[in-house]
Every structure is written in C-alpha cells, then in structure tokens.
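Number of protein chains: 2
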Amino acid sequence: MTTDVTVTDEAVASLEGTADPRLRELLTGLIRHLHAFARETGLTQAEWERAIGFLTETGKMCTDTRQEFILLSDVLGLSMLVESINGDRAAGSTESTVLGPFHMTESPARELGANIDLVGGGEPCVVSGRIVSGDGTPLPGAVLDVWQADGNGFYDVQRPDLQPPGNGRGLFTTDAEGRFWFRTCVPSPYPIPTDGPVGELLKATGRHPYRPAHIHFIASAEDHTPVTTHIFVAGSDYLDSDAVFAVKQSLVEDFTPTDDPSLAREFGIANPFRHARFDLVLDHA
Amino acid sequence: MTTDVTVTDEAVASLEGTADPRLRELLTGLIRHLHAFARETGLTQAEWERAIGFLTETGKMCTDTRQEFILLSDVLGLSMLVESINGDRAAGSTESTVLGPFHMTESPARELGANIDLVGGGEPCVVSGRIVSGDGTPLPGAVLDVWQADGNGFYDVQRPDLQPPGNGRGLFTTDAEGRFWFRTCVPSPYPIPTDGPVGELLKATGRHPYRPAHIHFIASAEDHTPVTTHIFVAGSDYLDSDAVFAVKQSLVEDFTPTDDPSLAREFGIANPFRHARFDLVLDHA
Numbered sequence: 065m066t067t068d069v070t071v072t073d074e075a076v077a078s079l080e081g082t083a084d085p086r087l088r089e090l091l092t093g094l095i096r097h098l099h100a101f102a103r104e105t106g107l108t109q110a111e112w113e114r115a116i117g118f119l120t121e122t123g124k125m126c127t128d129t130r131q132e133f134i135l136l137s138d139v140l141g142l143s144m145l146v147e148s149i150n151g152d153r154a155a156g157s158t159e160s161t162v163l164g165p166f167h168m169t170e171s172p173a174r175e176l177g178a179n180i181d182l183v184g185g186g187e188p189c190v191v192s193g194r195i196v197s198g199d200g201t202p203l204p205g206a207v208l209d210v211w212q213a214d215g216n217g218f219y220d221v222q223r224p225d226l227q228p229p230g231n232g233r234g235l236f237t238t239d240a241e242g243r244f245w246f247r248t249c250v251p252s253p254y255p256i257p258t259d260g261p262v263g264e265l266l267k268a269t270g271r272h273p274y275r276p277a278h279i280h281f282i283a284s285a286e287d288h289t290p291v292t293t294h295i296f297v298a299g300s301d302y303l304d305s306d307a308v309f310a311v312k313q314s315l316v317e318d319f320t321p322t323d324d325p326s327l328a329r330e331f332g333i334a335n336p337f338r339h340a341r342f343d344l345v346l347d348h349a
Numbered sequence: 065m066t067t068d069v070t071v072t073d074e075a076v077a078s079l080e081g082t083a084d085p086r087l088r089e090l091l092t093g094l095i096r097h098l099h100a101f102a103r104e105t106g107l108t109q110a111e112w113e114r115a116i117g118f119l120t121e122t123g124k125m126c127t128d129t130r131q132e133f134i135l136l137s138d139v140l141g142l143s144m145l146v147e148s149i150n151g152d153r154a155a156g157s158t159e160s161t162v163l164g165p166f167h168m169t170e171s172p173a174r175e176l177g178a179n180i181d182l183v184g185g186g187e188p189c190v191v192s193g194r195i196v197s198g199d200g201t202p203l204p205g206a207v208l209d210v211w212q213a214d215g216n217g218f219y220d221v222q223r224p225d226l227q228p229p230g231n232g233r234g235l236f237t238t239d240a241e242g243r244f245w246f247r248t249c250v251p252s253p254y255p256i257p258t259d260g261p262v263g264e265l266l267k268a269t270g271r272h273p274y275r276p277a278h279i280h281f282i283a284s285a286e287d288h289t290p291v292t293t294h295i296f297v298a299g300s301d302y303l304d305s306d307a308v309f310a311v312k313q314s315l316v317e318d319f320t321p322t323d324d325p326s327l328a329r330e331f332g333i334a335n336p337f338r339h340a341r342f343d344l345v346l347d348h349a
C-alpha cells in the first residue's frame, strides 16, 4: 500500500527485476530526481497536467526532419552538459560541442574543394585546415562530416522547397597530408525553430532563440576518437548568449577577409573572399 | 562561453526574464535535477540518444484516446506522488488516488440505479453509498463521475469495436439524502497498455503491467473539495504490486456476495449479486 512517503522507495524497489544493471541505475536516478523535483517544488496537479500536455505536444512536433525533444534538451542545457561530461579530451585536442537537431540526413560525399553552398545565398568563403592526431601527425583518409544553415539561417531539411537536399552538407576525406578544404558561404546567426512547444517555452522565459553563426563538424579517423563539434564565426552576434549554451572559446575562429587573387583562383572562388583556417585535433583512441 | 562546470548555472540564469515567478521556480528545479541526474549517472551520449528516442516514441503513441505520457508518469510513481502531495485531506475524508489515463471522454449523465455495464460482460453487482461532508452531513445534488474497465479489463475507448461509447461510465447525482447507487459488473484486474514504449520499459525492468481490480471516481459537491479516487476490490490480485502504485488501504472495499431476493428486486438486478457499499467523504472547501 502506497503513501506519499513510501511511493518513491516503492517505485525504485519495483526495478529490482531489471536485467541490465545500468538501466536500473539510470531509472533509479531518474525516479529519485523526478520525485525530488515534485516534492521540492510542490508540483500541483494542474502543473503536472500542463507538463504532460507539453511533452505530448513536443512529441507531436517530431517528424523525420524535426526533433523537438533534442531542441528541448538543447535549450535546457542538458545536451551541452551530456556532451561535456562525455567529451573529456586531451589538452590541445579539439573540444566538442552539441550535435544539435539537424544531423538527420546523410551528408553527400564530396570532392575536396567542392562548394557545399548549392544555392549561392551568402558571402563566399573557404574553410580549410588539417585533421591531425594529438602529437601533430596529419591523418590522411580522415573523414569530415560538415553541415550548416544557408545564408538565411535555414538547413536544407527545414526548407525543402527552397534548398536542394544536401545543401550546406558534405562528407570530405582528407588528402595524403591530412588536409581538407571546401567552399561555402559564411554562416549567419539563426533562430532555432520557434513554431513548437520549445518556442513557447523560450517566449515564456523571455529568452531569444538565436544561435551564433557556426558550422557543424564531426571529424573521425582510424584509431582516433571522433569529435562532434562546431566552429563559431568570431565576432558573430549571440556568442555570449547561445540559445543552446554550446559556445566554447576554443571553437571561435576568424573567418578572415582575404584579398588574394592567386589563392582565390587556387580555391576556385571569386576574390575577395573570407577564409577560415584551423586544424581539428583528434585524440588517439 | 560554456563548460560542463558552468552550463547548469548558465541555463538557470537564462530564466531570469521569465514573467511568471512560479514558472521560473519550476524550470529552475527541473534544470537542476535533470543536470544532477546526468552528472551523477555519467549519462552517455548513446543513453541520451536512447532517451530522446524513447520520449519521441512516447509522444507518437499519444492519440485522443491514448495518453502514453500519463502512463509513463504512472509507472514511475510520479502521478501517485503528485496526487499525494496535493491530496492532503482531513482525517476521515476519503483519500485520493491517481486519475489514470482513461478519464478522457465525458461520462454520460445517468439516472440513479442505472446499469453502466452496457455489454453485460462480468459478474453483476451494485455499488451504493452516500456522499457526505466531513461532519457526516449528507450532500444532496453531489456529482459522482464513475469509470471502469469492462469484465475483460478494457475501457470503452480502448475497444471501440466491442464496447459502445460510455460503457463503464456514468455521471450520477446524489438524491435528497446524499445517496448514490448504480449497477455494473465487478471489475477485473487488468494490464495497462503494453504495446507502446511504457510496455517496453516494464518488460525491460521485469515488472508486470497489472492493476488490481478497481472503479474510478471523482466526487464533487458545492462548497467542498472534489476527490479523485478509486475503490479497489478487496481480495483482488495485485493489491500489493499495482503497476502504478495507486493502492491505499482505506480505498479497499468488500464487494460482498449478497443473496437477498427483495434487495435484488429493489436494485433491479438478478439474485444473488455482489454489493459494494461505502460513503465518500468530502472536505469542506
């Protein structure tokens, strides 16, 4: 028989038949924290009903191209926290940051130097650098998965009417010297989608929905730990108030205005252009 | 700029523009407990992804007649906890218990004595008693909202092909002496729906999905605090292991085998029958 005093222990005890000890540990922690939250705040029945309704609406917003629960986790800082507690990397290695909700389609494999800006919406730029190991050894054949919003702040999956699939995305393989380079447009700050429950939450909490300008990367190489990260555009608005708390100082890079006709010719881009240059440093596995 | 050390405080600080102080308090508690859960368990990226997927599936199971998030809250003991911390009632008043996920359609108004078992599936019984105030004063014109599963353990909304809408449901008004009575079938223990994510969770934790036999009630009367509760059938299986932790000793009632032809005639029921008799005691508001 259950009372408000016993219900938490009863719920935890009900897990004793759980085959997977890790699942039991996670559910035990979840029950204890959920219950402590309800007790400490004195959660009312009406507030609980509101929360049930919110979660239900959040579920209903999810489609193959929209992940409202990831967005919710993002704006609560949970995604960044989980990423951080798991992203322990050696000093000097590229820091990780959140995956975000838009890595949902496979990036098309592209040749080094290709332009991932298929619609020509923004300021042309070149992104180049190397993928290297912790000791500086270049990693040939490393894979760089890239995705970014277009010049208007939208990913291809958000605007299938205006962007071809794969716009702003590319899967590149480093050359014999571990180098990568590709063309794109300078990304813009953009609001996370606000037409769902998470947008309502931001509005109710007086928060803006913007993310500073960034390009997403997942870099991976044999015998190395992959890194999921972004590069943020130095000087972008919202670097200090990212709606999803994902900015790390080490990930802010200059997109340098470059006036160099011969380099522009080499990259196949109009002069002048912006140029972001950085290495991605992977930990040996 | 964010680190795993600062992200929780940053997320909490982001709420400072929240217009509603109670919303700010709730979200602050939610963020702190969610983050503490992730830190204490060392939640991995893969586990976080699994959780996002689980919540998404839970949302997708929700329809007008299926509330998988309430079910999730129920099996985690959260519903019973919220109900309990809000259900403080005077000594001697009827205790409350969880609403459950099946109070989703309006109960049809019925005359006292009506049979809510429209399909005739189980053992016939009479439920009768009074709605009274804390001092024992009968409450005429009080409203009793009743819902229960049929003899096979399903609610009308779960089996629209086999049960007419409103089967097992009724909205009764007490007579001049505060009395209510109606006919039904003795409820059976039944499993909560197991064909969704919550069913998977129960399976993974080695828990059975059964609830002991019960009838749901919401009793309300002018100038009194309504009570949401169940009556459990004494002797039912699962009274000590309700899948949703909702059993309170004071809510267990005898459904007494009764062989009384004249009483049977009075109630318009075949003799012998089962008879549950109890009063519902409401707190003065």
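Each protein sequence line maps, in turn, to chains H and E.
Using our numbering, the first residue of the first sequence is number 65, and each one after it goes up by one.
Using our numbering, the first residue of the second sequence is number 65, and each one after it goes up by one.
Glycine included, C-beta positions come from ideal geometry on N, C-alpha and C.
Keep in mind that this is a model prediction, so the values were computed, not measured.
query, result
"7 Å Cβ cutoff, phenylalanine 309 of chain E in contact with chain H", "yes"
"Extent of the continuous beta strand (DSSP E) to which glycine 193 of chain E belongs", "188-197"
"Validate contact between the stretch 323-339 of chain E and the stretch 275-295 of chain E using beta carbons, cut 8 Å, 3 pairs", "no"
"Exposure of glutamine 227 of chain E, with buried meaning 16 or more beta-carbon neighbours within 10 Å", "buried"
"Top-ranked residue by Cα proximity to arginine 243 of chain E, from E/Tyr219, E/Gly177 and E/Arg96", "E/Gly177"
"Proximity to leucine 94 of chain E [Cα-Cα], best of H/Thr289, H/Gly141, H/Thr201 and H/Ala154", "H/Gly141"
"Close Cβ partners of arginine 329 of chain E (< 7 Å) along its chain, the five nearest in sequence each way excluded", "none"
"Chain E contact for methionine 144 of chain H (CB, 7 Å cutoff)", "yes"
"For leucine 235 of chain E, the first and last residue of its enclosing beta strand (DSSP E)", "233-237"
"First and last residue of the uninterrupted alpha helix (DSSP H) at histidine 99 of chain H", "85-105"
"Selected residue, minimal CA-CA separation from threonine 129 of chain E, among E/Val162, E/Pro251, E/Ser137 and E/His167", "E/His167"
"Residues in the stretch 277-308 of chain H having any Cβ partner in chain E nearer than 9 Å", "Thr292, Leu303, Asp304, Ser305, Asp306 and Ala307"
"Histidine 339 of chain H to arginine 194 of chain H span [Cα, whole Å]", "14 Å"
"Min CB distance tryptophan 245 of chain H to chain E below 7 Å", "no"
"C-beta neighbour in chain H for glutamine 109 of chain E, strict 7 Å", "yes"
"Alpha-carbon to alpha-carbon, leucine 344 of chain E and proline 253 of chain E", "23 Å"
"Sub-7 Å separation of glycine 186 of chain E and cysteine 249 of chain E beta-carbons", "yes"
"Beta-bridge pairing of cysteine 126 of chain E - partner residues as DSSP gives them", "DSSP, once it has assigned bridges, lists no residue as partnering cysteine 126 of chain E."
"Contacts of aspartate 209 of chain H in chain E (Cβ-Cβ under 8 Å)", "Per Cβ cutoff of 8 Å: no residues; aspartate 209 of chain H is ~16 Å from chain E at best."
"Element boundaries [beta strand (DSSP E), containing serine 284 of chain H]", "278-284"
"Sheet register partners of histidine 348 of chain H (DSSP bridge)", "H/His288"
"Three or more C-beta pairs below 8 Å linking the stretch 149-158 of chain H and the stretch 123-138 of chain H", "no"
"Which of helix, strand or coil DSSP assigns to arginine 114 of chain H", "helix"
"Contact with chain H by histidine 99 of chain E, beta-carbon distance below 7 Å", "yes"
"7 Å Cβ cutoff, alanine 102 of chain E in contact with chain H", "yes"
"Aspartate 73 of chain E (DSSP reduced to helix, strand or coil)", "helix"
"7 Å Cβ cutoff, serine 78 of chain H in contact with chain E", "yes"
"Meets three-Cβ-pair contact criterion under 8 Å: the stretch 81-93 of chain H and the stretch 116-125 of chain E", "no"
"Whether glutamate 241 of chain E touches proline 202 of chain E by CB criterion (7 Å)", "yes"
"Chain-order list of residues whose beta-carbon lies under 7 Å from that of glutamate 132 of chain E (same chain, five-residue window excluded)", "Thr122, Met125, Cys126, Gly260, Pro261 and Val262"
"Closer than 6 Å: alanine 307 of chain H CB and nearest the ligand ADP heavy atom", "Summarising the ligand content, the structure contains no ligands, and the ligand ADP is consequently not present."
"Top-ranked residue by Cα proximity to aspartate 239 of chain E, from E/Pro224, E/Gly198, E/Ser192 and E/Asn231", "E/Ser192"
"Neighbourhood of glycine 230 of chain E by C-beta distance below 6 Å, restricted to the same chain and skipping five residues each side", "Pro172"
"CB contact flag (glycine 184 of chain H, valine 210 of chain H, <7 Å)", "no"
"Min CB distance valine 71 of chain H to chain E below 7 Å", "yes"
"7 Å Cβ cutoff met for arginine 275 of chain E and alanine 307 of chain E", "yes"
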